[in-house]
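Okay, structure first, notes after.
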Amino acid sequence: MAYWLFKTEPDELSIDDLAAEPERNFLWDGVRNYQARNFLRDQVQLDDLVFIYHSSCKPPGIAGIASISRTAYPDPTQFDSSSLYFDAKATEQQPRWVAVDVRYKQKFGKLLPLDKLKKFGTLEQMPLVKKGNRLSVMPVSDTEWQNILSLIHDQD
DNA sequence: GCCAACGTTGGC
DNA sequence: GCCAACGTTGGC
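Residue numbering for the first sequence follows the numbering used here, beginning at 1404 and increasing consecutively.
So this is what it looks like as structure tokens:
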């Protein structure tokens, strides 16, 4: 079992949306970055745990946990010409992008803000806290996962 | 709204 | 295959 962090804009899909339908499998679509796609396609496994990170909001930070309920399959939005995520170069025979499904697991009492993550020295290797980082799907080591959980515990 | 950082595109 | 131009991300 592995750990991950997925970014989402809460206007699009938030931890509250997941929590509102805890039995539902949510399509995690719209990943359009090759490095992020390769993680989804090659490494994300069933029942892996995922920190849900809220980006482009105030304040950005980790809001809760989801689990992987379906491993990678072709992202349907790449074939949909009315979608923002449409990709004319993708075909059903040769899909370019993949999606996974996630399920709600937990919402933290308080969001763990990015500035706290940045202050915590042992997390400095995470792409998340590095300047200019744009990776929307990233692995989280066992140690990082435990350290972040303890930060959550401290502030709750 | 600004803009730094970064990924992608396309001409050569 | 280089690299300038461009578009996007995402914190501030």
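Where a beta carbon is used, it is the ideal one built from N, C-alpha and C, also for glycine. Note that the structure is predicted; figures quoted are calculated from it, not measured.
| Query | Result |
| --- | --- |
| Best match in Q1448, I1551, V1453 and D1483 for proximity to I1418 [C-alpha to C-alpha] | V1453 |
| Three-state class that DSSP yields for D1450 in the structure shown | coil |
| Cβ pair count under 8 Å reaching 3, the stretch 1456 to 1470 against the stretch 1513 to 1521 | yes |
| Burial state of H1457 (16 or more Cβ within 10 Å) | buried |
| CA-to-CA distance, D1432 to D1477, given in whole angstroms | According to the sequence as given, residue 1477 is Pro; it is not Asp. The alpha-carbon atoms of P1477 and D1432 are separated by roughly 9 Å. |
| Secondary structure of R1444, DSSP reduced to three states | helix |
| Secondary structure of A1491, DSSP reduced to three states | coil |
| C-alpha distance - F1429 paired with L1443, whole-angstrom precision | 15 Å |
| Rounded separation between S1485 and T1494 - CA only | 15 Å |
| Secondary structure of S1553, DSSP reduced to three states | helix |
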